[in-house]
Each structure stands twice: as structure tokens, then as C-alpha cells.
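To start, the structure under review is shown below, and the notes come after it.
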Amino acid sequence: MKRSFFQKHAIILIVYALILVLVVIGAFNSEHFLTLRNLTNVMRQAAYLGTAALGEMMVILIAGIDLSVGSLVKLCVLVSAILMDGDPDNVWMAVSLTLGLGLSVGLIHAFLINELNMSPFVVTFASLFILKGISLSITTKPIGRASRDFLMLYSEKIAGIYVIIFFFIILILMMMFLLNKTIFGKHIYAIGGNLSVAQLSGISVKRVRYGVYSLCSVLAAATGLLWLMRMGVGDPVIGNGLELNVIIAVVIGGTSLFGGRGTVIGVLGGVLLLTFTDNLLVILGVSQFYSGLIKGLIFVAAVSLHKMENR
Amino acid sequence: MRESQNPYILEMRNIFKSFGGVNALRDVSFQCRPGTVHALVGENGAGKSTLIKILAGALLPDSGEIIFKGQKHQSFSTRKALNSGISVIYQELALVSQMTVAENIFLGREPRKYFGIVDKKRLKIEAKKLLKQLGFEVDMDMEVGEMTVAYQQMVEIAKALSKNADLIIMDEPSAILAGHELDQLFLIIESLKKRGVTIIYISHRLEEVFRIANEVTILKDGQLVGTKPIKDLSRGELVKMMVGRTLEEVFPVSFNQLGNPVIQVEEISTKTILNQVSFNLREGEILGVAGMVGSGRTELARAIFGADPLTSGTIKIKGQDVVFKNPADAIRSKISLVPEDRKYHGLFTKLSILNNITLPILSKISRWGFTDKKKENEIVERERQIHSIDMTSGNQEVQYLSGGNQQKVVLSKSLQTIPEVIIMDEPTRGVDVGAKFEIYQLIRQLNKDGIAILMISSELPEILGLSDRILVMREGKIVAELTPNETNEEMIIEFATTNTQQSVP
Ligand SMILES: Nc1ncnc2c1ncn2[C@@H]1O[C@H](COP(=O)(O)OP(=O)(O)OP(=O)(O)O)[C@@H](O)[C@H]1O
Ligand SMILES: [Mg+2]
Numbered sequence: 001m002k003r004s005f006f007q008k009h010a011i012i013l014i015v016y017a018l019i020l021v022l023v024v025i026g027a028f029n030s031e032h033f034l035t036l037r038n039l040t041n042v043m044r045q046a047a048y049l050g051t052a053a054l055g056e057m058m059v060i061l062i063a064g065i066d067l068s069v070g071s072l073v074k075l076c077v078l079v080s081a082i083l084m085d086g087d088p089d090n091v092w093m094a095v096s097l098t099l100g101l102g103l104s105v106g107l108i109h110a111f112l113i114n115e116l117n118m119s120p121f122v123v124t125f126a127s128l129f130i131l132k133g134i135s136l137s138i139t140t141k142p143i144g145r146a147s148r149d150f151l152m153l154y155s156e157k158i159a160g161i162y163v164i165i166f167f168f169i170i171l172i173l174m175m176m177f178l179l180n181k182t183i184f185g186k187h188i189y190a191i192g193g194n195l196s197v198a199q200l201s202g203i204s205v206k207r208v209r210y211g212v213y214s215l216c217s218v219l220a221a222a223t224g225l226l227w228l229m230r231m232g233v234g235d236p237v238i239g240n241g242l243e244l245n246v247i248i249a250v251v252i253g254g255t256s257l258f259g260g261r262g263t264v265i266g267v268l269g270g271v272l273l274l275t276f277t278d279n280l281l282v283i284l285g286v287s288q289f290y291s292g293l294i295k296g297l298i299f300v301a302a303v304s305l306h307k308m309e310n311r
Numbered sequence: 001m002r003e004s005q006n007p008y009i010l011e012m013r014n015i016f017k018s019f020g021g022v023n024a025l026r027d028v029s030f031q032c033r034p035g036t037v038h039a040l041v042g043e044n045g046a047g048k049s050t051l052i053k054i055l056a057g058a059l060l061p062d063s064g065e066i067i068f069k070g071q072k073h074q075s076f077s078t079r080k081a082l083n084s085g086i087s088v089i090y091q092e093l094a095l096v097s098q099m100t101v102a103e104n105i106f107l108g109r110e111p112r113k114y115f116g117i118v119d120k121k122r123l124k125i126e127a128k129k130l131l132k133q134l135g136f137e138v139d140m141d142m143e144v145g146e147m148t149v150a151y152q153q154m155v156e157i158a159k160a161l162s163k164n165a166d167l168i169i170m171d172e173p174s175a176i177l178a179g180h181e182l183d184q185l186f187l188i189i190e191s192l193k194k195r196g197v198t199i200i201y202i203s204h205r206l207e208e209v210f211r212i213a214n215e216v217t218i219l220k221d222g223q224l225v226g227t228k229p230i231k232d233l234s235r236g237e238l239v240k241m242m243v244g245r246t247l248e249e250v251f252p253v254s255f256n257q258l259g260n261p262v263i264q265v266e267e268i269s270t271k272t273i274l275n276q277v278s279f280n281l282r283e284g285e286i287l288g289v290a291g292m293v294g295s296g297r298t299e300l301a302r303a304i305f306g307a308d309p310l311t312s313g314t315i316k317i318k319g320q321d322v323v324f325k326n327p328a329d330a331i332r333s334k335i336s337l338v339p340e341d342r343k344y345h346g347l348f349t350k351l352s353i354l355n356n357i358t359l360p361i362l363s364k365i366s367r368w369g370f371t372d373k374k375k376e377n378e379i380v381e382r383e384r385q386i387h388s389i390d391m392t393s394g395n396q397e398v399q400y401l402s403g404g405n406q407q408k409v410v411l412s413k414s415l416q417t418i419p420e421v422i423i424m425d426e427p428t429r430g431v432d433v434g435a436k437f438e439i440y441q442l443i444r445q446l447n448k449d450g451i452a453i454l455m456i457s458s459e460l461p462e463i464l465g466l467s468d469r470i471l472v473m474r475e476g477k478i479v480a481e482l483t484p485n486e487t488n489e490e491m492i493i494e495f496a497t498t499n500t501q502q503s504v505p
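Okay, here's the thing in C-alpha cells:
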């Protein structure tokens, strides 16, 4: 009766096997690929996608969806750049206000879903356009400036690891802890697994939703800050289409779109797979236009694998 | 009134509840004494589940009040009910199938270490202890969705026990249990009673009610018929109060006109549990399959139906070897399955009754891809009459039917394809006494029309009363073949539980 380890984790194993295949292809086709420099670059890029993806994952685990991630990242890049305005004294203020902005957006999402009974799709789809609209009404050109020391963080290292990668690793560990060890985490899986059972068990579904949507939006805000660190200015093109990449990464990683199933390791695999794909395309000099095509195919493959796994 | 001298732990007063046009409860009042077992009986759709859902805070009453442990409540929330000491075993299992046994048992009340961190070790130990008390040993890390429903039911019971409640409500907990598990359940109920716990027990098996209940409350069509001490009632009187008329509980007689074998099963085995199972099923025969939970009865049904692959052995239909790769192949060979778990395998609960019933024959009743609405309505009306389904209209969603009526819809659905063989897995699970005998009549009628029936059941009276032949399974094997008038319940249980093996012809 019990499914074996391989059956249970088929998707994750396949995802990591695919990553390995990409690495091998990369190594054979370019001497630059397997350099430490390129690999740490890929990791840093993965941190950008991954930070947002881990938030999205939680939302999808409770059988919700957040389509506003890309727009929120965009708004947060702009807002943080404007607030910081190149002044090192403004860093803490800018960072906390930006994260606060994310928190409020998440709370509003959860409020509409909880109290007005709106569907997550509708709420966050509206939010996608509203946040984008606000951003573009602020500016259509790069705006504001990161302070110098904030910008320097991008190339700084802690214990020999880039700060951004370090941050990402901590985040991964925290998410694993949250989902596997805490009651909050158990309740997330329960709500996604069977909403009515969760309610009957006395779980406060509303409270969990507030937590999950805020966390997702705070992580989107954090992603915005990471972009500012990289770009140095508030560029309004940041975040375009990001929500789709994020959702694809989450689903490739074996998270069920119906909720209740999914692991951090899986999502990390999804993030790495997408990032390696992009990197390889650049290195091989393939047009970026193929990127969407390839990701789409991987996405379909992942979902169909998921179906087979759940048969 | 001085609540402190209240002899009751629970009083529900003048409860009203309607769903749209349906009056599920009209002015229902009843009381429970502490430390007793209070049975709640009534036909399918009488309002039993609705009443206890109100008590559990899962539904809000339109009006009425609840007095629990001397405290008056307009209504409960699920939290409030839990915290004040009420725990419920719902009729439709309330488990999260992706989560493990231990996680399910303590869902919403996980033992914690600090900062909201789950104490996984204690979680497992406590869960294991509870299940052991119930006489069950399972892998705590197993996902609930991978277990059979009977095991799931035990998990559900363990979950209710773990809450240390003063009032435990059990909505048909025994529907899928038999023999040993049932005895275990009754032992537990006894010991709970001794500890002063009150139990509200809902069941359609009246012999259970007479065995364990102190008092019984009868509901009919959403109204209270009465509350009586069980010792003041005979079975006949109780049935009369439930259905409003005297009911002759006799099994329809066998026609005993057996034809040629339709299915010959020869030494089939599966990866799961089936081990060299062989038998014949003949035209016009009802072959009863008895056995404990986990003895492989459901697996046998699935294997014949092409839902699980065979690892060895053959199946012949009318003398010809067949290999069913999937259920669609089996259906094409005119085999139909009435599955054990209607909610997950038998019905689309969010679709209408009409859509469910006509789904298997859509191609037959449509033209150019358009369904014939008139024909569909006719079919549903016909089925409503044949099976006396209690429904407002064919457009009602199946999820809003009472449990027993859902079962009738499943039966009706599986008959639409006009099968030659029907495999029924617990066909009367959750069905009330009146309807049960209607279903028996129906099974007999099908049988008279020459349809062969393989009937898996945990209800021994039904196995004995209806079968032409009885197979008893244990640990994936057939351990005995019996003739109904040469055997009895004790003998079947004996074969199903002990290691003696009768030679099978
Ligand atoms: N959510 C709902 N919406 C509409 N009607 C409902 C709903 N829940 C129950 N009903 C109706 O209320 C009536 C009482 O149903 P209930 O489930 O309480 O019956 P029951 O006594 O538990 O029956 P059973 O023995 O079959 O489980 C039925 O007619 C049923 O169709
Ligand atoms: Mg019921």
C-alpha cells in the first residue's frame, strides 16, 4: 500500500536529474559554464526567483494563488529606490517601509479573500494591474538611487559566500523549518489538503490565510529590495512577467496547484532548473525568445508528471 | 430554571434548521444524561447529521438553543464546541488524505514544544498509544489516503478519543466496521461510559442500538418522534417509530436458478494482498463475500474490475480469457462496480443527481452531442421511484443529499449501463432499515433478470439473508466457501479471524 520513496518523490528526482543534464550539456558546450564565477552567478540569480517562489509556494499550498508578485516586486523596487535616494542614512527606513508595504498588500489580499469571500484569483489578478498601474504612474523611467553601501552588498561576501546567496540559504532553511516543524506549517498543509476538514478541526483558516498571504507579499517586497541592490536604481521594467516564472517554478517543483502537497526542496529544484535553463541559453547564444517556449514545455511536462504521480 | 440542578449534560431546545426550501429540522428538542449512550435514529434524511453538526458548531441553527454543561449557547463555533468538550466523528470521514495518521489525529491540537513548534516525537507516541488502545497497529508515517476506509475510520475514532471530550458524537462510526473492530469500538464505548463520558451514537444497525444504548431519540422528516429508554422498546416498535409503519424485515427469497458461469476467476494475485484467489460466479447468482477489514475483499473487487493489475492468474468471462487493463475494459465487458467509498469513487458530489445518474449513458441519450433533457428527466424520475430517493429535484447537488440517499444514487448510476455482472462493495452502507430492504428487493430483482452479483459486505445478516453462496476471505485468500442455510454468523466470523482453513472446492 505504501508508496515507495521513488514514487513519492518522482518529480523532485526528475527535476534534479534534469538540472544535472543541463549542467553536463553546459560543461560540454562552453568552458565558461562550469567556472565558479558562472555558478555563483546562477546561484545569485536563483536567489531572486527563489525568494519570490518560496512565498508563492505557501500560497499555492493552501490552494490559493498570488498573481500580483511581479507587480509588487516592481512597485517595491521603485518605492525603495525613491526612499533611499542614495543616502546611507535612509537605508533602514527604506528597507522597513518597503517590507511594510509588502506586508500591507498581503494583509489586504487576505482580508478580501477572508472577509469578503472573494477568490484568490480575482483578488490578486486585480492587484496585478493595480500595483502595476501605481508603479507606472510613479514613473516609466528609472528613478531614485540605492545608497552606495546598500549597492555594495551585492558583491560582498559573508564567510566566502555572496550575501544574497547567504540570505537565500537562510530563507530556505527557515521555510523548511516553518513548513515541517511548526503548527502553522501543518495547518497550511491541512487547509490545502482538505479545507472543510481543517475547519472542522478547529483550525483558524482565516488566520493562516492572513499569515500566508502576508508572508508571500513580504517576500515579494524582499525580492524588490534584492533587485535594487543589483540595479542601483528603481527600474520600472523589473518584475515584468515574474509572477508566471514564479508559479512555474513552484509547480515544476512538485507543488500541487490544488494545494496540500509540495516541498521546499522541490521548489528549490524548480527554481534552479529555470535559472540554469536561462543561463545555458545565454551561454549557448540561443535567442531569449526560446526561453519562454522551453519553460512552457517544462511546465507542461511537470504538470503531466504530477498527474501520473497522483494516479 | 436553576441550571445547576440540571440532570442533563446536554439539552437542545427547539432547534430549527432549513436549507433553502428543505426543512431539515423542525422544532427538535432532546436531552442527554451524563455517562450514558444516547442513540439517535431515523431514516435517511431524517436530520440526524444536521442536528449533530449544529451541536458541533459546523452548522448554525436558524433558531433554538443549546445548553451544554449548564451553559446556554445560541450556537457553537467548531472551536467553541471543541473547547467546551464536544468531539465528533463525522459520517463523511473528516481526514486530510495527504497527511499522516499521527498528524491527522492531532490536527488543530498538535502537541507543541515552544514557539508553535510541533513536538513530532510526542505526536507519534501519543497517536500510537491511542491506536493501540483501539487494537490497531499502523505505521504512523503512513499517509491516510493510502489506507483503506476501515483503517481511516479507526483513525477518526482515535482522533475523537484524543480530545478527552465530555461528549463524543459518533455519526455512523460502525458503518464500515465489522467483527473484531466493532467489538473493539463497543469496548471503548463501555469504558468511556465508565469514565463518565456521554456518547451520542447514530447508526442504522438497530441491533447495535439495542446492544449499547441507554436511551434512544427518534427523528422523522426533521421532527422529533420521541425519546425513550431502550429497554421500553422492542425492535419492531422502534422500527415503527422510525418509518411510521410496521415493516417486515424479511429477505426476499432466492430464485435458485443458477446458469452457466459468467466469471471464472483462476488463481489471481496482485501486488497488494490477493493471493491465488479462485472462484466462479454464475448467471443469476448472488455470491456473498465476507471477511474482516483488510482481508482483501475490496482489492478483489478492484482486481476483477481492472482497477489494479494482476501479477498472476486469469479471469474468464463466459469461458473466454480476458485481460482488463482498466475499468473501461471491464465496463465494456458489461461489468459494473458499486464502490465502497461513494464520496471518492462513486459520485461527483458537486454535480446534480441527474448528471450523476445519466453520466454512464450520455452517449446513448444524446444526439449530435446534445443531451436529451426530456429523456434525462424521465430517467431520473424513474430512478427516483424505483429506489425511492428522497430529493427535491434532479438538479439538486448530490453533496446535499443525506448519506443513505447518496448510496441510492450510486446504485442507480451503476445500473444504467445494464451490466451482466455487478460487483457491490458494501451496498447498504449507511442506508436506513426501510431502504435497506428496498435495496435487497432490488438486488433480488436484478438477480432474477439473470444478472450475476458479487456482493461484498460486512453486514453478516445481509450476507446470510441474500447470498446463494458465501465466500469468506482472510489475508488475501479465500478460506471458506459456505452455503447460507448451513452456516451462521459465528461460523463466518470464526473463518474470517482464525487460522483454520477449509478445503475450497
Ligand atoms: N447543506 C445542505 N444543503 C441542502 N440540504 C441539505 C444540506 N444538508 C442536509 N440537507 C438536507 O437535510 C435533510 C437532513 O439531512 P441529514 O444529513 O441530516 O440526514 P440524516 O438523518 O443524517 O440521514 P442519513 O441517515 O442518510 O445520514 C436531507 O433532506 C438533506 O437532503
Ligand atoms: Mg447522516
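In order, the protein sequences belong to chains A and B. With the working numbering, letter number 83 in the first sequence gets 83, and the count goes up by one each step, no holes. With the working numbering, letter number 216 in the second sequence gets 216, and the count goes up by one each step, no holes. Ideal placement from N, C-alpha and C gives every residue a C-beta, glycine not left out.
- By the CB criterion at 8 Å, Val105/A and Leu78/A fall outside the cutoff.
- Shortest gap from the CB of Asn245/A to any heavy atom of ligand 1: 7 Å or more.
- Excluding five sequence positions before and after Phe166/A, the CB atoms of its chain that fall closer than 7 Å to its own CB belong to Ile158, given in chain order.
- Residues whose Cβ lies closer than 7 Å to any heavy atom of ligand 2, listed in chain order: Lys48/B, Ser49/B, Gln91/B, Asp171/B, Glu172/B, Ile202/B, Ser402/B, Gly403/B.
- Leu362/B has its alpha-carbon roughly 9 Å from the corresponding atom of Gly369/B.
- In the three-state reduction of the DSSP assignment, Phe28/A falls in the helix class.
- At least one heavy atom of ligand 1 is found less than 7 Å from the C-beta of Val22/B.
- The beta carbon of Arg297/B lies closer than 7 Å to those of Val289, Gly291, Ile456, Met473 in the same chain, with the five residues before and after it left out.
- Here Thr223/A is not near Thr35/A, since their CB atoms are 8 Å or more apart.
- By the Cβ criterion, the region 53-71 of chain B is in contact with the region 8-19 of chain B, since at least three pairs of Cβ atoms, one from each stretch, lie closer than 8 Å.
- Within the model, the alpha-carbon separation for Lys120/B versus Val216/B is close to 41 Å.
- Not one beta carbon of chain B lies nearer than 8 Å to the beta carbon of Gln288/A.
- For Lys413/B, there is no enclosing beta strand (DSSP E); the residue is part of the alpha helix (DSSP H) that begins and ends at 403-415.
- If you ignore the 5 residues before and after Ser352/B, its C-beta comes within less than 8 Å of the C-beta of Gly394, Asn395, Gln396, Glu397, Val398, all in its own chain and listed in chain order.
- Within 7 Å of the CB of Gln98/B, the CB atoms of chain A belong to Tyr189, Gly193, Gly260, Arg261, in sequence order along the chain.
- For the region 98-127 of chain B, the set of positions with a beta-carbon nearer than 7 Å to some beta-carbon of chain A reads Gln98, Met99, Glu103, Leu107, Gly108, Glu110, Arg112, Gly116, Ile117, Val118 in chain order.
- Ile451/B has its alpha-carbon roughly 14 Å from the corresponding atom of Gln441/B.
- Judged by beta-carbon spacing, Met140/B lies beyond the 8 Å limit of Val96/B, meaning their Cβ atoms are not closer than that value.
- Ranked by Cα distance from Arg384/B, the first of Arg367/B, Lys375/B, Ile365/B, Val409/B is Val409/B.
- Burial is judged here by how many other beta carbons sit within 10 angstroms of a residue's own beta carbon; Trp92/A has fewer than 16 and is exposed.
- When CB distances to chain A are screened at a threshold of 9 Å, the residues of the region 271-305 of chain B falling below it are Thr272, Ile273, in chain order.
- Less than 8 Å divides the Cβ of Phe106/B from the Cβ of Ala127/B.
- Between the region 195-202 of chain B and the region 163-175 of chain B, the count of Cβ pairs shorter than 8 Å is three or higher; the stretches touch.
- Taking CB atoms only, Thr78/B has a neighbour in chain A less than 8 Å away.
- Not a single CB atom of chain B sits nearer than 8 Å to the CB of Thr51/A.
- Straight-line measurement puts the Cα of Lys193/B at about 14 Å from the Cα of Arg211/B.
- With 16 or more neighbouring CB atoms inside 10 Å of its own CB, Met242/B falls in the buried class.
- Minimum Cα-Cα distance from Ile230/B among the listed residues Glu207/B, Gln223/B, Thr392/B corresponds to Glu207/B.
- With respect to Ser127/A, Thr98/A sits apart: the two C-beta atoms are not nearer than 8 Å.
- Separation of Arg44/A and Ile164/A (C-alpha to C-alpha, rounded to the nearest whole angstrom) is 6 Å.
- Taking a cut-off of 8 Å for Cβ pairs, the region 170-182 of chain A and the region 18-26 of chain A do not touch, as fewer than three such pairs fall below it.
- Cα atoms of Gln184/B and Ala160/B: separation of roughly 15 Å, rounded to the nearest angstrom.
- The three-state reading of DSSP puts Leu281/B in strand, counting E and B together.
- Rounded to the nearest angstrom, the gap between the Cα atoms of Leu219/A and Leu75/A is 13 Å.
- About 7 Å separates the beta carbon of Ile304/B from that of Val265/B, a gap short enough to meet the 8 Å contact definition.
- Between Asp425/B and Ser388/B, the alpha-carbon positions lie close to 21 Å from each other.
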